[in-house]
Amino acid sequence: MSDILTFPKDFYFGSATSATQSEGTYEGDGKGQDIWGKWFDMEPEKFYNEVGPYKTTTMYKHYKEDIQLLKQTGHNSFRTSISWARLFPEGHGEINEKAVAYYRDYFETLRKHDIEPFVNLFHFDMPAALQDIGGWENRKVVDYYTEYAKACFELFGDVVKKWFTFNEPIVQVETGYLLQYQYPMKVDAALAVKVGYHTALASACAVKEFKKLDTDGKIGIVLNLSPAYPRSNNEADMRAAEIAEAFQNKSFLDPAIKGEFTPLLVELIKKHDLMPDYDEEDLDIIKKNTVDFLGVNYYQPVRIKARDSVTNPDAPFLPTYYFDIYDMPGKKMNPYRGWEIYEKGIYDIAMNIKNDYGNIERMITEIGMGVQDEDRFKKDGMIEDDYRIDFYKGHLKWLHKGIEEGSNCVGYQVWTPIDCWSWLNAYKNRYGLIELDLETQERTIKKSGYWFKDLHDNNGFEL
Ligand code: BGP
Numbered sequence: 001m002s003d004i005l006t007f008p009k010d011f012y013f014g015s016a017t018s019a020t021q022s023e024g025t026y027e028g029d030g031k032g033q034d035i036w037g038k039w040f041d042m043e044p045e046k047f048y049n050e051v052g053p054y055k056t057t058t059m060y061k062h063y064k065e066d067i068q069l070l071k072q073t074g075h076n077s078f079r080t081s082i083s084w085a086r087l088f089p090e091g092h093g094e095i096n097e098k099a100v101a102y103y104r105d106y107f108e109t110l111r112k113h114d115i116e117p118f119v120n121l122f123h124f125d126m127p128a129a130l131q132d133i134g135g136w137e138n139r140k141v142v143d144y145y146t147e148y149a150k151a152c153f154e155l156f157g158d159v160v161k162k163w164f165t166f167n168e169p170i171v172q173v174e175t176g177y178l179l180q181y182q183y184p185m186k187v188d189a190a191l192a193v194k195v196g197y198h199t200a201l202a203s204a205c206a207v208k209e210f211k212k213l214d215t216d217g218k219i220g221i222v223l224n225l226s227p228a229y230p231r232s233n234n235e236a237d238m239r240a241a242e243i244a245e246a247f248q249n250k251s252f253l254d255p256a257i258k259g260e261f262t263p264l265l266v267e268l269i270k271k272h273d274l275m276p277d278y279d280e281e282d283l284d285i286i287k288k289n290t291v292d293f294l295g296v297n298y299y300q301p302v303r304i305k306a307r308d309s310v311t312n313p314d315a316p317f318l319p320t321y322y323f324d325i326y327d328m329p330g331k332k333m334n335p336y337r338g339w340e341i342y343e344k345g346i347y348d349i350a351m352n353i354k355n356d357y358g359n360i361e362r363m364i365t366e367i368g369m370g371v372q373d374e375d376r377f378k379k380d381g382m383i384e385d386d387y388r389i390d391f392y393k394g395h396l397k398w399l400h401k402g403i404e405e406g407s408n409c410v411g412y413q414v415w416t417p418i419d420c421w422s423w424l425n426a427y428k429n430r431y432g433l434i435e436l437d438l439e440t441q442e443r444t445i446k447k448s449g450y451w452f453k454d455l456h457d458n459n460g461f462e463l
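Anchor point for the sequence shown: position 105 equals 105 in our numbering, and the numbering is continuous, going up by one each time.
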């Protein structure tokens with residue numbers, strides 16, 4: 001007889017999406033524009049197959065049916081975000097009442113189905129009106145975000161008990177201000193530092209507002225953690241990995257959980273003369289308003305090697321000034337998307353949080369396997385995604401080992417419920433437990449969706 005891997009009582013099983021990626025009705029019912037629509041209107045060719053945020057899963061119209069699908073695929077929890085620009089079309093000031101009605105009914109319907117809503121305030125979707133005044137580059141936007149956060153807690157705090165301030169804040173720093181990959185497509189190290197600082201501050205300001213309300217809810221932050229493994233244990237590679245770890249993971253872990261910035265990052269930022277303007281009051285807000293719990297998104301680790309040489313010492317400072325990505329021979333790859341698969345990474349993260357961050361309560365808020373042209377795996381009308389089931393099982397085994405060794409992990413939410421639009425990649429990579437036909441909007445549960453239901457119902461799975 002084979003063994004069953006059982007998870008703790010009341011473990012959260014579910015999935016995650018975001019407002020921009022799932023709602024549809026991008027223009028409608030009073031929603032203001034955000035940076036995705038703004039950018040798509042300017043440069044549609046940047047988006048895969050020129051599909052922008054106007055064409056998504058339409059959960060805005062179909063959330064009631066979609067919540068039935070969540071039930072059918074074993075959800076007792078679900079994470080999504082509020083669209084800031086839907087609630088505040090101008091980013092602040094007047095509230096859109098239709099948005100209030102929509103989100104209230106959405107969250108209440110989840111509750112009625114015994115699905116715990118985890119709601120995130122910001123998932124890469126700055127209102128265009130605020131980007132026009134500099135977005136996160138502008139300290140004033142921290143105040144507008146705080147106003148928005150406070151409104152969300154007051155409007156929905158009776159239904160939503162689990163909040164997140166941000167999703168993957170390092171991504172907008174990296175892709176928007178260092179790598180020229182996402183809007184506003186700048187390469188400016190000083191602005192990157194400023195944006196990172198303002199985001200960490202905004203998160204703490206939201207926590208502060210939340211704590212004032214003295215509710216029975218909890219507030220956290222979602223961070224994409226990618227363990228940085230050095231190529232070798234020689235001194236230069238180890239140092240390079242230490243810097244990568246500070247930049248990629250500790251940059252937001254430290255302020256969110258410890259209330260202070262990573263000393264190594266501060267040292268490098270000072271060395272390159274990139275310190276942003278700050279005042280002591282703001283640092284005090286960060287110090288005193290740390291999160292209650294942590295959401296971890298894990299897709300793949302980073303393999304790091306020391307740079308052979310700094311070819312241009314006058315080049316603008318980038319973290320990669322100090323390290324290179326190492327293409328490790330023999331690593332296991334997802335053949336359908338191209339990312340590394342390293343299941344043990346989820347355990348290493350668990351031990352790191354346990355040992356270095358006071359074993360704060362945490363859950364997996366995203367993990368997923370993207371697949372291109374997934375139709376090729378369709379048999380008799382259903383996508384047979386055994387590769388995805390194996391991917392989840394492999395990670396769950398390591399997650400379970402971490403829990404056995406005392407890691408305070410309370411849930412596992414996969415990316416994503418229904419195949420969704422994904423920023424620049426649009427519909428290139430499919431991740432869902434449920435297939436979406438983009439033309440008809442028809443939803444069909446995949447094999448992994450049925451497997452996930454069994455996982456939830458048995459509170460574990462057979463090895
Ligand atoms: C995460 C984001 C998600 C989603 C996912 C998959 O980092 O939080 O919003 O985009 O990555 O990304 P992709 O479709 O590019 O493979």
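For each residue, glycine too, the CB sits at the ideal point set by N, CA and C.
Since the structure is predicted, the reported quantities are computational estimates derived from the model, not experimental observations.
Report the start-end ranges of each alpha helix (DSSP H) in the segment 233–311 that is 4 residues or longer and not cut off at the edges. 235–245, 263–271 and 280–288
For G381 and S83, the rounded distance between their alpha carbons: The sequence position of residue 83 within the sequence shown is 83, counting from 1. The sequence position of residue 381 within the sequence shown is 381, counting from 1. Answer to the nearest angstrom: the Cα atoms are 34 Å apart.
Is the Cβ-Cβ distance between L424 and F13 less than 7 Å? As a first step, residue 424 must be located in the sequence shown, where it is residue number 424. As a first step, residue 13 must be located in the sequence shown, where it is residue number 13. No, the pair does not count as a contact, with Cβ atoms beyond the cut-off.
Where the alpha helix (DSSP H) containing M59 begins and where it ends: The residue labelled residue 59 in the question sits at position 59 within the sequence shown. Start and end: M59 to Q72.
If contacts are defined as beta-carbon pairs under 8 Å, then P333 and I341 qualify, I think. What distance do you get, rounded to the angstrom? Here residue 333 corresponds to residue number 333 of the sequence shown, with the count starting at 1. Here residue 341 corresponds to residue number 341 of the sequence shown, with the count starting at 1. It is Met, not Pro, that sits at residue 333 in the sequence shown. Contact holds; Cβ gap of about 7 Å.
Between the alpha carbons of H395 and L5, how many angstroms are there, rounded? The residue labelled residue 395 in the question sits at position 395 within the sequence shown. The residue labelled residue 5 in the question sits at position 5 within the sequence shown. Distance between the alpha carbons of H395 and L5 is about 12 Å.
According to DSSP, residues forming a beta bridge with N167: The residue labelled residue 167 in the question sits at position 167 within the sequence shown. Answer by DSSP bridge pairing, in chain order: V222.
Quick one: residues in its chain with C-beta nearer than 7 Å to the C-beta of E245, no 5 flanking neighbours on either side, listed in chain order? In the sequence shown, the residue the question calls residue 245 occupies position 245. Closer than 7 Å at Cβ, skipping near neighbours: A228.
Would the segment 351–358 count as touching the segment 251–270 if we require 3 or more Cβ pairs under 8 Å? yes
In whole angstroms, what is the alpha-carbon distance linking E209 and L155? As a working mapping, residue 209 is identified with position 209 in the sequence shown. As a working mapping, residue 155 is identified with position 155 in the sequence shown. One C-alpha to the other measures close to 13 Å.
T57 beta carbon less than 7 Å from that of S22: The sequence position of residue 22 within the sequence shown is 22, counting from 1. The sequence position of residue 57 within the sequence shown is 57, counting from 1. The answer is yes: Cβ separation under 7 Å.
In or out: S448 buried (at least 16 other Cβ within 10 Å) or exposed? In the sequence shown, counting from the first residue as 1, residue 448 sits at position 448. Looking at its Cβ environment, which holds 16 or more other Cβ atoms inside 10 Å, S448 is buried.
If we count the other Cβ atoms within 10 Å of its Cβ and call it buried at 16 or more, is M275 buried or exposed? Against the sequence shown, residue 275 aligns to sequence position 275. So M275 counts as exposed.
Taking the CB atoms as reference points, tell me whether N289 and V207 lie closer together than 7 Å. Along the sequence shown, read from residue 1 onward, the residue named residue 289 stands at position 289. Along the sequence shown, read from residue 1 onward, the residue named residue 207 stands at position 207. Yes. Within cutoff.
Going straight from the alpha carbon of S232 to that of P117, what length do you get? Here residue 232 is taken as the residue at index 232 of the sequence shown, counted from 1. Here residue 117 is taken as the residue at index 117 of the sequence shown, counted from 1. Cα-Cα distance, rounded: 43 Å.
Quick check: is any heavy atom of the ligand BGP less than 6 Å from the C-beta of G295? Residue 295 sits at position 295 when you count from the first residue of the sequence shown. No; taking the cut-off as 6 Å, the Cβ of G295 has no heavy atom of the ligand BGP nearer than that.
Unbroken alpha helix (DSSP H) run spanning E209, endpoints: By 1-based counting over the sequence shown, the position of residue 209 is 209. E209 -> alpha helix (DSSP H) spans A189 to L213.
Write down the C-beta distance between L121 and A149 rounded to the nearest angstrom, noting that I regard them as a contact closer than 8 Å. Taking the first residue of the sequence shown as 1, we reach residue 121 at position 121. Taking the first residue of the sequence shown as 1, we reach residue 149 at position 149. Confirmed, Cβ separation roughly 6 Å.
CA-CA distance, D105 and A236? For the purposes of this step, residue 105 is identified with residue 105 of the sequence shown, where counting begins at 1. For the purposes of this step, residue 236 is identified with residue 236 of the sequence shown, where counting begins at 1. Computed Cα separation, rounded: 55 Å.
Buried or exposed by the 16-neighbour rule on C-beta atoms within 10 Å, applied to L213: By 1-based counting over the sequence shown, the position of residue 213 is 213. So L213 counts as exposed.
So, are the CB atoms of A19 and R79 less than 7 Å apart? The residue given as residue 19 occupies position 19 in the sequence shown. The residue given as residue 79 occupies position 79 in the sequence shown. Not in contact: A19 and R79 (Cβ atoms no closer than 7 Å).
Would you be able to state if there are at least three C-beta pairs under 8 Å between the segment 413–431 and the segment 364–372? yes
Taking the Cβ atom as the reference point for each residue, do I304 and P230 lie within a distance shorter than 7 Å? Counting from one through the sequence shown, the residue named residue 304 turns up at place 304. Counting from one through the sequence shown, the residue named residue 230 turns up at place 230. A contact, by the Cβ cut-off of 7 Å.
Would you kindly work out how many angstroms separate the C-alpha atoms of T49 and Y278, rounded to a whole number? Here residue 49 corresponds to residue number 49 of the sequence shown, with the count starting at 1. Here residue 278 corresponds to residue number 278 of the sequence shown, with the count starting at 1. Residue 49 is actually Asn in this sequence, not Thr. Whole-angstrom Cα-Cα distance: 42 Å.
Here's the rule: buried if 16 or more other CB atoms are within 10 angstroms of the residue's CB, otherwise exposed. What is I325? Counting from one through the sequence shown, the residue named residue 325 turns up at place 325. By the neighbour-count rule (16 or more Cβ atoms within 10 Å), I325 is not buried but exposed.
Please tell me whether K446 and I383 are closer than 7 Å, where the distance is taken between their beta carbons. Sequence index remark: in the sequence shown, residue 446 carries index 446 (1-based). Sequence index remark: in the sequence shown, residue 383 carries index 383 (1-based). It is a contact, given that the beta carbons lie within the stated cut-off.
Considering Cα atoms alone, identify which of C152, F166 and D292 is closest to I219. Here residue 219 corresponds to residue number 219 of the sequence shown, with the count starting at 1. That would be D292, whose Cα lies nearest to the Cα of I219.
For a test of your reading of the model: does the CB of S422 fall under 6 Å from any non-hydrogen atom of the ligand BGP? Yes or no. Residue mapping note: residue 422 aligns to position 422 of the sequence shown, counting from 1. True, at least one ligand heavy atom lies under 6 Å from that Cβ.
With a threshold of 7 Å on Cβ separation, who are the neighbours of Q248 within its own chain once the five nearest residues in sequence on each side are excluded? As a working note, residue 248 is residue 248 in the sequence shown. If we look at Q248 and ignore the five residues flanking it on each side, its Cβ neighbours are I170, S226, A228 and V302.
Please report the residue range of the alpha helix (DSSP H) in which I403 lies. For the purposes of this step, residue 403 is identified with residue 403 of the sequence shown, where counting begins at 1. Unbroken alpha helix (DSSP H) run through I403: D386 to E404.
When the Cα of D125 is compared with those of K112, D114, Y145 and I389, which residue comes out closest? Indexing the sequence shown from 1 puts residue 125 at position 125. If we check each option's Cα against that of D125, Y145 comes out closest.
Tell me the rounded alpha-carbon separation between Y103 and V119. Within the sequence shown, numbered from 1, the residue matching residue 103 stands at position 103. Within the sequence shown, numbered from 1, the residue matching residue 119 stands at position 119. Cα to Cα, the separation comes out at about 10 Å.
Helix, strand or coil at I383 according to DSSP, with G and I counted as helix: Counted from its first residue, the sequence shown places residue 383 at position 383. If DSSP states are grouped into helix, strand and coil, I383 belongs with the strands.
With distances taken from CA atoms, which of R388, I389 and R362 is nearest G406? Position 406 of the sequence shown, counted from the start, is the residue given in the question as residue 406. By alpha-carbon distance to G406, the top candidate from R388, I389 and R362 is R362.
When we look at the beta-carbon of Y263 and count the other beta-carbons within 10 Å, is it buried (16 or more) or exposed? Sequence index remark: in the sequence shown, residue 263 carries index 263 (1-based). Inspection of the sequence shows that residue 263 is occupied by Pro rather than by Tyr. It is exposed - the Cβ of P263 has fewer than 16 other Cβ atoms within 10 Å.
Check the DSSP bridge columns for T109 and list the partner residues they point to. Sequence index remark: in the sequence shown, residue 109 carries index 109 (1-based). Under DSSP, T109 forms no beta bridge with any residue.
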